[in-house]
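Worksheet: the structure to be examined is printed underneath.
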Amino acid sequence: MKLPFTPTTLLQQGPHIAILVSATRLEVEEGRAVGLEFPELPVRALIDTGASLTIINPQIATTCKLKQTGHQKINAVGGEAGEYPEHAAAISFPGTDLPSLDTARVVACPIIRQPFFSCLIGRDILRKWLFLYDGRSGDIEIRG
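Sequential numbering from 477 applies to the sequence shown in our numbering.
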């Protein structure tokens with residue numbers, strides 16, 4: 477799958493992709509059986525090779541009713557570290573041929589560039605892909 481950007485857009489915003497975040501399929505099925513609703517939220521995600529884990533803004537975890545599975549220590553750019561809630565989520569990539577992730581570990585941590593992105597796709601997801609970045613042409617290619 478190719479994501480066409482201009483070199484200027486890549487420089488200003490970095491490579492990003494539209495995703496859908498929701499609770500895991502099992503949680504959605506169990507919840508609906510007792511009348512609960514679990515929303516699926518469209519989010520713009522920055523593909524961040526500097527992030528070891530996938531990060532979402534905490535509001536996404538709340539809105540999507542993601543199940544907390546623990547805590548994770550995060551070292552932010554600038555050296556600040558903190559413990560943040562870890563959740564189980566389903567992530568899909570609409571309009572692409574990338575396979576959905578039914579159970580992905582995400583950490584709910586405020587993202588500094590919030591006006592642009594509400595998710596950072598980390599190396600935990602990138603390790604499942606071939607990711608090609610051509611800064612000269614602005615072309616991004618992802619193969620799942």
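Even glycine gets a Cβ: it sits at the ideal position worked out from N, Cα and C.
- Taking a C-beta distance under 8 Å as the contact criterion, aspartate 578 and methionine 477 do not qualify as a contact pair.
- Taking all protein chains shown into account, aspartate 610 has fewer than 16 neighbouring C-beta atoms within 10 Å of its C-beta and is therefore exposed.
- By the Cβ criterion, the region 490-507 is in contact with the region 551-565, since at least three pairs of Cβ atoms, one from each stretch, lie closer than 8 Å.
- With a cutoff of 8 Å on beta-carbon distance, valine 519 and cysteine 595 are scored as near each other.
- Beyond the five residues adjoining it in sequence on each side, lysine 543 comes within less than 8 Å, by CB distance, of Ala499, Thr500, Glu503, His563 and Ala564 in the same chain, given in chain order.
- Between isoleucine 616 and leucine 606 a beta carbon distance of about 11 Å is seen, past the 8 Å cut, so the two are scored as non-contacting.
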